Amino acid sequence: MSQERIAIIGGVRTPFARARSVYQKMSAAQLGGIALKEAVSVTGIDPKLIDEIYFGIVSAPAEGSNIAREALFDSGLPPTIPCTGINRYCASSLEAAAGIAAKISAGQIEIGLAGGVESISSIRALFSLEATDYFQDIGKAKTTAQRFALLRRFKPGYLTPLAPGIKEPTTGLTMGQSADLMAREFQVGREEQDQFALESHQKASKAWDNKFFQTHVCKVPTPDGKVIERDTDVRADASLEKMSKLRPVFYKDGTITAANASPLTDGASAVLLMSESKAKALGLTPLGFIKSYATAAVDISTEPLLIGPAYAIPKALKAAGLTWDQLDLYEIHEAFAAQVLSTLKAIESPEFARKKLGLSAPIGKVDLAKLNPNGGSIPIGHPFGATGGRMILQTLHELKRSGKRHGLISVCAASGLGAVMILEAN
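Residues -2 to 423 in the working numbering are what the sequence shown lists, from first letter to last.
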């Protein structure tokens, strides 16, 4: 296993868009293909040199469940590149990058693309098993008599689609319900959440105005002739007054609203990875390097669903040989404002450190100036399979812009998972 540093040369993401809006007529493969093609274009890599692609998705289309391969076909890149689809829920593209890095370190490949995509707009309606069996029988019927016999079995309820499967199978709760319960446990109030969401919108809006995102967000032409250049949900006019008027979504006495949670989103991202020596040999200048990667999982029968990153952070810091105070930037995925604020409390809590982590002192003191300086998933959006790639690019471009060195990426994921990656600027 090589100890050489794994370089991230660069990459792109598409503008992120609210589901069933500007990308409604585009498939996950099309969005992913654009990200792959543009990542190759901006880095200048010869596509024939790419050995492997890992690509994340959570809601994989039934007609092409290996989204990595389908996106490759849509990208126009060589069809001889092996591809693997990855699903670690919201950490899928972070896991994809870590997987490619591991294969490079093991000497199995030299160059790889990693990223992910989500097209919530493309999710098909689901029907009950009884209805599915009925329609399959209709399709198998060979005679008119068989078809008429089946028609007599028809029930109007067969045409009623099932509600989307957004609940955790183990707990029976939606992600939002779990976030609401987390807010209660960590005593995070509604005003605090709304204020956090407002500031994230303000930071993202300012970043767009200052042309920060233009360094790594590509343009996307849509089938109806439009060209999408910016994230569609970033609101320069966001205000606490508007946010305070929204009703809680999950519980009548809850605190999670549409304003302090990330929206359902379509989008894609892709980054190019190789060893440091390979980058030098090809004359490529990396944006930065992967310093460490760590994952964690919690027992969701006793722990908050979204607290996983608080367990993964100490592991990632130890693997990187760093302390919390040595970090210049922390990009924490904003599934919900409540989840971010709860995680920050866990990071600073002596009790959490002692009882949950077995540490004698808290992970560290949070410097809010280092937190998501260009906004996060609440305003930008959260295409499940693509968010990790967005955060890699956003972290490295911010480190480059600010002249800083170390950035931490933290992502909570469904089923009690957490993933943390530490990056080092070049």
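Where a beta carbon is used, it is the ideal one built from N, C-alpha and C, also for glycine. Computed from a prediction, not measured in an experiment: that's the story for all the values here.
Output needed for residue 136: all residues of its chain with C-beta closer than 8 Å, excluding positions within five of it in sequence on either side, in chain order. Taking the first residue of the sequence shown as position 1, residue 136 is located at position 139. So the list is empty, once near-sequence residues are dropped.
Considering only DSSP beta bridges, list what residue 164 is partnered with. Taking the sequence shown and counting its residues from 1, the one referred to as residue 164 is at position 167. DSSP lists 171 as partners of residue 164.
Are residue 191 and residue 248 touching if we call contact CB-CB under 7 Å? What you label residue 191 is simply residue 194 of the sequence shown in a count that begins at 1. What you label residue 248 is simply residue 251 of the sequence shown in a count that begins at 1. Contact: no.
Outcome for residue 55 when other beta-carbon atoms lying within 10 angstroms are tallied against a minimum of 16: What you label residue 55 is simply residue 58 of the sequence shown in a count that begins at 1. Residue 55 is buried by the Cβ-count criterion.
DSSP state of residue 357, grouped into three classes? Your numbering for residue 357 matches position 360 in the sequence shown. Looking at residue 357 - three-state DSSP - the assignment turns out to be coil, as it is neither helix nor strand.
Alpha helix (DSSP H) segment containing residue 424, residue limits: The question about residue 424 has no answer, for the chain in this structure spans -2 to 423.
Rounded to the nearest angstrom, how far is the Cβ of residue 303 from that of residue 179, given a contact under 8 Å? Position 306 of the sequence shown, counted from the first residue, corresponds to residue 303. Position 182 of the sequence shown, counted from the first residue, corresponds to residue 179. Sure, about 6 Å apart at Cβ, within 8 Å.
Identify, in the order they occur along the chain, each residue of the same chain with its Cβ nearer than 6 Å to the Cβ of residue 159, setting aside the five sequence neighbours on each side. What you label residue 159 is simply residue 162 of the sequence shown in a count that begins at 1. Excluding residues within five positions, the ones whose Cβ falls inside 6 Å are 123.
Can you check whether the CB of residue 259 is closer than 7 Å to the CB of residue 328? Position 331 of the sequence shown, counted from the start, is the residue given in the question as residue 328. Position 262 of the sequence shown, counted from the start, is the residue given in the question as residue 259. Going by C-beta atoms, residue 328 is not nearer than 7 Å to residue 259.
Stretch pair the region 310 to 325 + the region 281 to 295: three plus CB contacts closer than 8 Å: yes
Which residue from 225, 208, 187 and 277 puts its Cα closest to that of residue 336? The residue you call residue 336 lines up with position 339 of the sequence shown. Among 225, 208, 187 and 277, the Cα nearest to that of residue 336 is on 187.
Candidates 254, 214 and 107, of which the one nearest residue 173 by Cα: As a position in the sequence shown, residue 173 is number 176, starting the count at 1. Selected option, being the one with the closest Cα: 254.
Hey, how far is the Cα of residue 73 from the Cα of residue 33? As a working mapping, residue 73 is identified with position 76 in the sequence shown. As a working mapping, residue 33 is identified with position 36 in the sequence shown. Approximately 9 Å, taken between the alpha carbons.
Would you check if the region -1 to 17 and the region 203 to 223 touch, i.e. whether three or more CB-CB distances between them fall below 8 Å? yes
Taking buried to mean at least 16 other C-beta atoms within 10 Å of its own C-beta, is residue 38 buried or exposed? Taking the sequence shown and counting its residues from 1, one reaches residue 38 at position 41. Label assigned to residue 38: exposed.
Let me know the secondary structure DSSP gives residue 328 once reduced to three states. One-based indexing of the sequence shown puts residue 328 at position 331. Of the three classes helix, strand and coil, the one that applies to residue 328 here is strand, per DSSP.
Three-state secondary structure (DSSP) of residue 246: Walking along the sequence shown from the start, residue 246 turns up at place 249. In the structure shown, residue 246 sits in coil (DSSP, three-state: anything other than H, G, I, E or B).
Are the region 111 to 123 and the region 260 to 279 in contact at 8 Å, needing three or more beta carbon pairs? yes
Express the C-alpha separation of residue 371 and residue 245 in angstroms, rounding to a whole number. Taking the sequence shown and counting its residues from 1, one reaches residue 245 at position 248. Taking the sequence shown and counting its residues from 1, one reaches residue 371 at position 374. Using only the alpha carbons, I get a separation of about 26 Å.
From the DSSP output, read off the bridge partner residues of residue 262. Locating residue 262 in the sequence shown gives position 265, counting from the first residue. According to DSSP, residue 262 bridges with 15.
Kindly indicate which three-state DSSP category residue 1 falls into: helix, strand or coil? In the sequence shown, residue 1 corresponds to position 4, counting from 1. Coil, per DSSP.
Since residue 131 is in the alpha helix (DSSP H), which residue starts that stretch and which ends it? Position 134 of the sequence shown, counting from 1, holds the residue named residue 131. It spans 126 to 137 - the alpha helix (DSSP H) in which residue 131 sits, taken as one unbroken run.
Between the region 139 to 158 and the region 103 to 112, do three or more beta carbon pairs fall short of 8 Å? no
Inspect the CB distances between the region 374 to 383 and the region 226 to 241 and report whether three or more fall short of 8 Å. yes
Across the region 51 to 70 and the region 84 to 104, are there enough close Cβ pairs to call them in contact, namely three or more that are closer than 8 Å? yes
Taking the straight line between their C-alpha atoms, what separation do you get for residue 28 and residue 199? By 1-based counting over the sequence shown, the position of residue 28 is 31. By 1-based counting over the sequence shown, the position of residue 199 is 202. Taking the straight line joining both Cα atoms gives about 27 Å.
What would DSSP say about residue 45, mapped onto helix, strand or coil? As a working mapping, residue 45 is identified with position 48 in the sequence shown. Three-state DSSP puts residue 45 in a helix.
Terminal residues of the continuous beta strand (DSSP E) containing residue 410? As a first step, residue 410 must be located in the sequence shown, where it is residue number 413. Per DSSP, residue 410 belongs to the beta strand (DSSP E) from 403 to 410.
Spatial distance of residue 170 from residue 360 (CA atoms): Numbered from 1 along the sequence shown, position 173 holds the residue referred to as residue 170. Numbered from 1 along the sequence shown, position 363 holds the residue referred to as residue 360. Those two C-alpha atoms are separated by around 29 Å.
On the criterion of 16 or more Cβ atoms from any shown chain inside 10 Å, does residue 391 qualify as buried, or is it exposed? Looking up residue 391 in the sequence shown gives position 394. With 16 or more Cβ atoms within 10 Å of its Cβ, residue 391 is classed as buried.
Local conformation of residue 145 per DSSP, three classes: Against the sequence shown, residue 145 aligns to sequence position 148. Three-state result, residue 145: helix.
If we ignore side chains and look at the alpha-carbon of each, how far apart do residue 102 and residue 270 end up? As a working note, residue 102 is residue 105 in the sequence shown. As a working note, residue 270 is residue 273 in the sequence shown. For residue 102 and residue 270, the distance between alpha carbons rounds to 11 Å.
For residue 155, tell me which candidate among 127, 166 and 181 has the shortest Cα-Cα distance. By one-based count along the sequence shown, residue 155 stands at place 158. For residue 155, the nearest C-alpha among the options comes from 127.
What's the C-alpha gap between residue 365 and residue 241? Indexing the sequence shown from 1 puts residue 365 at position 368. Indexing the sequence shown from 1 puts residue 241 at position 244. Rounded to whole angstroms, residue 365 to residue 241 spans 23 Å at the Cα level.
For a quick check, are the C-beta atoms of residue 400 and residue 420 less than 7 Å apart? In the sequence shown, counting from the first residue as 1, residue 400 sits at position 403. In the sequence shown, counting from the first residue as 1, residue 420 sits at position 423. In this structure, residue 420 does not lie closer than 7 Å to residue 400 by Cβ.
Entirely enclosed alpha helix (DSSP H) segments - the region 83 to 124, minimum 4 residues: 89 to 102
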